[in-house]
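Residue numbers (the working numbering): 4 to 398.
The beta carbon of each residue, even a glycine, is placed where N, CA and C say it ideally should be.
Please read all numbers here as calculations on a predicted model, not as lab measurements.
Down below is the structure, laid out as structure tokens.
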């Protein structure tokens with residue numbers, strides 16, 4: 004269906020990744036073919052948030068500037084799709100397209116992705132050339148990658164960053180035929196890996212297929228698809244704080260008949276979300292543990308909407324902070340204090356706050372809690388392998 008799936012299996016792409024405030028994990032992607040003064044077509048590089056919870060990739064395009072549409076703030080201009088030689092909108096008559104029923108407008112394919120109440124992106128479905136940096140020092144171009152050219156976005160999570168927002172779009176890595184992973188075909192064989200390092204100072208990569216670096220002592224758990232979601236669901240059996248298992252009802256962790264609840268793991272969710280009963284139990288256990296530390300003073304920071312915060316009265320305040328363990332099927336994801344709490348200077352004080360949030364309907368293990376761990380997804384075997392990793396070793 005696409006050129007990428009016909010590419011030689013030994014073609015190697017390893018997009019450079021970065022992670023930084025506020026918990027955005029993104030990859031560098033070259034998009035399009037533009038005429039340069041030298042006479043050679045050249046791509047333009049954008050940052051795509053790595054989203055393992057959704058299927059479709061998309062970028063903010065110039066059409067968002069049209070009357071009645073909306074762009075989210077970004078430090079760079081929208082993608083100039085009209086100037087790209089390789090940009091090709093998809094016709095509804097194209098039998099081999101990823102056009103979905105009811106997504107046609109004036110004979111052309113459109114798309115709409117909803118991220119939450121009032122948060123969505125919509126636009127045109129198109130094929131384009133994506134170019135990726137390879138860790139062997141070359142650039143590899145993949146033609147006819149299907150993606151969304153966003154002409155209207157509302158209430159996106161990047162908006163509060165204003166012109167400092169580094170992200171132009173999303174690299175969809177979830178379940179489904181339209182995902183970037185699926186479109187790679189023999190290049191990926193349904194496998195990819197990443198390692199999230201706080202405040203990147205060294206290159207880290209999003210790796211695919213046989214080019215994933217092998218690691219020893221990784222744990223493995225099962226991943227599932229709970230339709231219609233494209234997210235990778237895992238079987239969360241319980242949560243512990245410093246080895247003490249919390250009293251959590253199994254029904255709060257299990258998937259319901261309507262597809263709600265359950266637990267997924269997503270690099271595109273900024274920080275972990277827990278359904279309210281689970282969050283309240285964890286919140287109480289952490290508060291109880293930290294109340295015994297004489298070098299901490301509890302704060303409530305209304306400006307940041309945080310109610311489990313502590314001022315460090317001395318350097319000893321960071322000692323003996325708790326570890327949270329997510330007990331998955333046949334595996335334990337251990338989260339160290341540096342990935343549980345957000346440490347900041349606030350009003351001249353050294354303060355840290357819980358970096359997990361309560362949610363009405365879902366539990367998602369987010370990017371911040373995945374720091375300093377390597378994750379290897381094998382969608383054909385339907386397993387996720389993970390373990391502590393020095394991400395600077397380009398794992």
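Residues bridged to residue i [DSSP beta-bridge criterion]
i: residue 267; result: 236, 367
i: residue 134; result: 33, 144
i: residue 2; result: In the structure displayed, the chain extends from 4 to 398; residue 2 sits before or after that span and is not available.
i: residue 348; result: 353
i: residue 117; result: 123
i: residue 259; result: According to DSSP, which records beta bridges pairwise, residue 259 is partnered with nothing at all.
i: residue 86; result: Paired residue(s): none; residue 86 is not in a bridge.
i: residue 361; result: 277
i: residue 55; result: According to DSSP, which records beta bridges pairwise, residue 55 is partnered with nothing at all.
i: residue 92; result: 129
i: residue 50; result: 31
i: residue 150; result: 129
Unbroken alpha helix (DSSP H) run spanning residue i, endpoints
i: residue 376; result: Residue 376 -> not in any alpha helix (DSSP H); beta strand (DSSP E) instead, spanning 376-381.
i: residue 284; result: 279-293
Buried versus exposed call for residue i [16 or more other C-beta atoms within 10 Å across all chains shown]
i: residue 402; result: Because the chain spans 4 through 398 in this model, residue 402 falls outside it and cannot be assessed.
i: residue 275; result: buried
i: residue 119; result: exposed
i: residue 58; result: buried
i: residue 261; result: exposed
i: residue 7; result: Note that residue 7 scores a pLDDT of 45, beneath 50, so its modelled location is shaky and nothing firm can be said.
i: residue 396; result: exposed
i: residue 166; result: exposed
i: residue 301; result: exposed
i: residue 181; result: buried
i: residue 236; result: buried
i: residue 373; result: buried
i: residue 214; result: buried
Beta strand (DSSP E) segment containing residue i, residue limits
i: residue 334; result: 334-338
i: residue 331; result: 327-331
i: residue 100; result: Taken as a continuous stretch (DSSP letters only), residue 100 belongs to no beta strand (DSSP E), as it is neither H nor E.
i: residue 304; result: 299-304
i: residue 310; result: 309-315
i: residue 62; result: 61-63
i: residue 388; result: 386-391
i: residue 252; result: No beta strand (DSSP E) contains residue 252, which DSSP labels as neither H nor E.
i: residue 21; result: 19-23
Spatial neighbours of residue i in its chain, beta-carbon cut-off 6 Å, leaving aside the 5 residues before and after
i: residue 1; result: It is not possible to answer for residue 1, since the shown part of the chain is limited to 4 through 398.
i: residue 240; result: 330
i: residue 336; result: 329
i: residue 361; result: 279, 282
i: residue 5; result: For residue 5, the predicted model reports a pLDDT of 42, less than 50, meaning its position is unreliable and no value from the coordinates is stated.
i: residue 346; result: 355
i: residue 209; result: 18, 20, 30, 197
i: residue 134; result: 33, 46, 142, 144
i: residue 152; result: 64, 84, 126, 127, 129
i: residue 101; result: 149, 181
i: residue 39; result: 45
Spatial neighbours of residue i in its chain, beta-carbon cut-off 7 Å, leaving aside the 5 residues before and after
i: residue 121; result: 157, 158
i: residue 11; result: Unreliable placement is indicated for residue 11, whose pLDDT of 46 sits below 50; the coordinate value is still reported in the next sentence. Closer than 7 Å at Cβ, skipping near neighbours: no residue.
i: residue 381; result: 193, 194
i: residue 391; result: 375, 376
i: residue 277; result: 285, 359, 361, 362, 366
i: residue 207; result: 20, 198, 200, 394, 397
i: residue 9; result: Summary for residue 9: the model assigns pLDDT 43, below 50, so the residue's position carries little reliability; its value from the coordinates is reported in the next sentence. So no residue of the chain qualifies.
Close beta carbons around residue i, own chain, < 8 Å, minus the five adjacent residues each side
i: residue 160; result: 118, 122, 273
i: residue 385; result: 225, 226, 227
i: residue 299; result: 293, 313, 314, 315, 316, 320
i: residue 221; result: 377, 379, 388, 389, 390
Min CB distance residue i to chain C below 9 Å
i: residue 201; result: No chain C appears in the structure shown, which is made up of a single protein chain.
With a floor of 3 residues, list each beta strand (DSSP E) that falls wholly inside the stretch 173-246, ordered by position along the chain.
-> For secondary structure counted as the beta strand (DSSP E) over 3 or more consecutive residues, the stretch 173-246 holds these complete runs in sequence order: 194-198, 222-227, 235-237, 239-244.
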